[in-house]
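Same order as they appear, the protein sequences are chains A and B. Okay, so the first sequence: first residue is 216 according to the working numbering, each after it adds one. Okay, so the second sequence: first residue is 21 according to the working numbering, each after it adds one.
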Amino acid sequence: MSNGKERAYFQIPPGMKDWLPGEAEKKRRLENVLADLFSVWGYREVITPAIEYLEVLTAGHNQEEMMYKFFDHQGRALALRPDMTTPIARLAATRLKQEPLPLRLFYLAGVFGQEDPQKGRQREYHQAGVELIGSGSGAAVAEVLALAVEALRACGLKEFTLSAGHVGVFNGLVDWLGLPPEARQELREAVQARNFVAVELILNRYAGSQKEAALTILRLRGGREILPRLKELAAGEAMEATVAELEEIFSFLAGYGVEDYITLDLGLLRGLGYYTGLVFEGFSPALGYPILGGGSYGHLLGRFGWPQPAVGFALGLERVLLALEREQPRRSGEGKIVYVGYAPGREKEAIALALRLREEGKRTVLAVAAEEKAVAEEQARRRRGELVYLG
Amino acid sequence: MSEQKWLTIALPKGTLFSSSVELLARVGLPVGQLQENGRRLFFVEEEAKVRYIICRPTDIPTFVEYGAADIGLVGKDIIEEQEKDVYELLDLGYGYCRFVVAMPEEVAAVQDWREYHLPRVATKFPRVAEKFFAAQGMQVEIIKLHGNVELAPLVGLAEMIVDLVSTGRTLRENRLVEVAEIFAATARLIANRVSYQVKGERIMPLLEKIKEVVAG
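Below, the structure written as structure tokens:
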């Protein structure tokens, strides 16, 4: 009766998701809130295609094995976008070079990656994010970080924090330690995975007397008051420049009044290869994985022939929705409705009433046929709506 | 009560359990309930704002990865096999054991394990085995078993095995001999990525105390 072929019609591939009415409405509402917020901060929406040439997407980073790839009929390799930063870099570098800098762009988009769906990750997920292109100044970075805080606040999350690190801290540290290139990569991977046992083993091999200072730096967390500590622990020009940059960023953050949401975490490195400066992640205590991530990237636009510094972040809509759900269980997704039922002969009045209610902004469901009051009551009850009956 | 203040710790049943409880007691956590020999798997210590989850060692990385537990104590052997997205904070030093490749004594005496072409390797740890042989440039056929791996070469199911040994007694009793060591494993303190960030003020001091106990 049911072989595998037949049943495939009723299924969706692993990691994909249908959005049912209540969920879809919550998502739409969140998107509207974020789009409004980004707009009032002066960011403009852009939309890019879901499918790009593979070589465009691999210009950003080297996660090719995670992408959905295929060929068009001319044999060119295509892929579904795994994030929005690279497509927007391509768009900006090819279409928006004449615009006044910096560019401020935002997006709401589905992105794709062949993640293991058993790890609580979807293979299609939705992001809302911004990119500020054409400046890497402390003020630009602080603006984007402050907007990230505002975005999480606007989502309605009660509790959240952001952690920020700086790629320059890591680079300054390995310079100061004088690590050989192969050890740098090894240390980078261990720090990124927060495998402190491995970090210690690598430092044992290479760092000598500087080991304790290096470990302390990689574990250093706190507000801007930890920055002088960093300078004491590891000298060097690169480190001083990074500390100065962080100090500048934090002085602007204080101006935005968002300093309290942000913890400096000097061991934070994000996986994506294109980050070159500040990196940050957002967390909700209700969820075991980050809900937001971003940072500044200096070289990505250069890959598209337009070297410009840039900074941005992306927020995971599914993750934020899940965190909201855990913070406030049973929060209803859908707004209340009014159900208009009517007896035979009162159709036109019912239509007029429905139009009036809709004009007032009430969600109005009009019966599609005359019905008895008991039937109308049942219809309204099952829709958890209020009944107006023209008898 | 804010979720941020509570700390949930996952502890492994079995051989690592008593050393883990002892460690927690030495850093001043309440462990009275854990020492009762009951069947309960979940304990709440209101005053210390600590919850304990007791589960199979192989499930600990999962509890921690999803954030159902903030931190966990588990063997490196399991972390290595599962490749979960968790932070590995500290080597706890106890629970020492080694991953080894072993073969029947009489075969090992005449044949080098590296000279096989596509040998069958029986193991409970397919990822560890696969990674090791790939690093040697050897192609192997991995046969996943759920226990008593030492049986496989004796009945012709596999040419060699990859298994954990602590004293080596099981190998000797089955007339198997170690031909290569893959790596040594000990118990580790692992943490959820988000807990590490949002519960830092609880995890960091605990980490420091555990470090002192482990070092001392």
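For glycine and all other residues, C-beta sits at the position ideal for the given N, C-alpha and C.
A/ALA363 beta carbon less than 8 angstroms from that of A/LEU347: A/ALA363 is positioned such that its CB atom lies no closer than 8 angstroms to that of A/LEU347.
Short CB-CB distance (under 8 angstroms) between B/MET21 and chain A: In this predicted model, B/MET21 has a pLDDT of only 40, less than 50, meaning its place in the structure is not dependable enough to derive any value.
Status (buried if at least 16 other CB within 10 Å, exposed otherwise) for A/THR301: Per the 10 Å Cβ criterion, buried.
Close-in-space but distant-in-sequence residues of the same chain around A/PHE327 (CB under 7 angstroms, 5 per side omitted): When the five nearest sequence neighbours on each side are left out, the beta carbons in the same chain lying within less than 7 angstroms of the beta carbon of A/PHE327 are those of TYR283, LEU295, ARG296, PRO297, ARG338 and GLU339, in order along the chain.
Residues sharing a beta bridge with B/MET123, DSSP: B/MET123 pairs with B/VAL197.
Own chain, CB closer than 6 angstroms to A/ALA357, minus 5 neighbours either side, in chain order: Around A/ALA357: ILE464, PHE467 and LEU468.
Residues of the segment 423-437 of chain A with Cβ closer than 7 angstroms to any Cβ of chain B, in chain order: Under the 7 angstroms Cβ criterion, the segment 423-437 of chain A contributes ARG436.
At least 3 beta-carbon pairs within less than 8 angstroms: the segment 378-386 of chain A vs the segment 493-508 of chain A: The count of Cβ pairs closer than 8 angstroms, one atom from the segment 378-386 of chain A and one from the segment 493-508 of chain A, reaches three, so the stretches are in contact.
Contact with chain A by B/ARG222, beta-carbon distance below 8 angstroms: Closer than 8 angstroms: no.
Beta-carbon proximity check, A/PHE528 vs A/ARG305, cutoff 8 angstroms: No, the pair does not count as a contact, with Cβ atoms beyond the cut-off.
Contacting residues, own chain, Cβ-Cβ under 6 angstroms from B/THR28 (five flanking each side not counted): If we look at B/THR28 and ignore the five residues flanking it on each side, its Cβ neighbours are ARG71, ALA89 and ASP90.
Below-8 angstroms beta-carbon distance, B/ARG118 vs any chain A residue: By this cut-off, B/ARG118 is not an interface position.
Alpha-carbon to alpha-carbon, B/ALA205 and A/ASN410: Between A/ASN410 and B/ALA205, the C-alpha separation is close to 15 angstroms.
Continuous alpha helix (DSSP H) assignments of at least 4 residues falling wholly in the segment 238-316 of chain A: Counting only runs of 4 or more, we get 269-275 and 300-310.
A/TYR224 classed as buried or exposed, judged by whether at least 16 other C-beta atoms fall within 10 angstroms: Exposed: under 16 other Cβ atoms inside 10 Å.
Rounded separation between B/THR187 and B/THR35 - CA only: If you draw a straight line from the Cα of B/THR187 to the Cα of B/THR35, it comes to about 14 angstroms.
Chain A contact for B/TYR136 (CB, 8 angstroms cutoff): So no, B/TYR136 is outside the interface.
Delimiting residues of the beta strand (DSSP E) encompassing B/VAL185: B/VAL185 -> beta strand (DSSP E) spans 180-185.
Short-range partners of chain B found in the segment 492-507 of chain A, where Cβ spacing is below 8 angstroms: Hits within the stretch, in order: GLU496, PHE498, SER499, PRO500, ALA501, LEU502, GLY503, TYR504 and PRO505.
Distance CB(B/GLU198)-CB(B/ALA122) smaller than 8 angstroms: Going by C-beta atoms, B/GLU198 is nearer than 8 angstroms to B/ALA122.
Proximity test, Cβ basis, 8 angstroms: A/ASN410 and chain B: Chain B places a beta carbon closer than 8 angstroms to that of A/ASN410, counting this residue as a contact.
Sub-8 angstroms separation of A/LEU252 and A/ALA366 beta-carbons: A/ALA366 is positioned such that its CB atom lies closer than 8 angstroms to that of A/LEU252.
DSSP three-state assignment for A/GLN523, whether helix, strand or coil: In the structure shown, A/GLN523 sits in coil (DSSP, three-state: anything other than H, G, I, E or B).
Minimum Cβ-Cβ distance from B/VAL233 to chain A less than 8 angstroms: Answer no: the Cβ-Cβ gap between B/VAL233 and chain A never drops below 8 angstroms.
Min CB distance B/LEU27 to chain A below 8 angstroms: Closer than 8 angstroms: no.
Chain B contact for A/ASP480 (CB, 8 angstroms cutoff): It does; some Cβ of chain B falls within 8 angstroms.
Given A/VAL261 as reference, the closest of A/LEU502, A/TYR322, A/ASN247 and A/ALA355 once Cα atoms are compared: Per the C-alpha coordinates, the member of A/LEU502, A/TYR322, A/ASN247 and A/ALA355 positioned closest to A/VAL261 is A/TYR322.
Nearest-angstrom Cα separation, counted from A/ALA307 out to A/GLU314: So the alpha carbons of these two residues sit roughly 9 angstroms apart.
Distance cut-off 7 angstroms: A/GLY438 Cβ against heavy atoms of the ligand NAP: In the structure on display, the ligand NAP does not appear, and there are no ligands present to speak of.
Residue from A/ALA525, A/LEU539 and A/PRO524 with nearest C-alpha to A/GLY531: The candidate whose alpha carbon is nearest that of A/GLY531 is A/LEU539.
Spatial distance of A/SER217 from B/ALA172 (CA atoms): Confidence at A/SER217 is low in this model, with a pLDDT of 48, below 50, so its placement is unreliable and no value can be given for it.
Neighbour flag for B/ARG208 against chain A, beta carbons, 8 angstroms: Yes, because at least one Cβ of chain A sits closer than 8 angstroms to the Cβ of B/ARG208.
Cβ neighbour criterion (16 or more within 10 Å) applied to A/ALA231: Note on residue identity: the sequence assigns Met, not Ala, to residue 231 of chain A. Burial call: exposed.
Among B/PHE62, B/LEU209, B/GLN53 and B/GLU221, the one whose alpha carbon lies nearest that of B/ILE74: Taking only the C-alpha atoms, the option nearest B/ILE74 is B/PHE62.
Partners in chain A for B/ASP18, counting only beta-carbon separations shorter than 7 angstroms: Since the first and last residues shown for chain B are 21 and 236, residue 18 of chain B lies out of range.
A/GLN594, DSSP secondary structure in three states: A/GLN594: helix per DSSP, three-state reduction.
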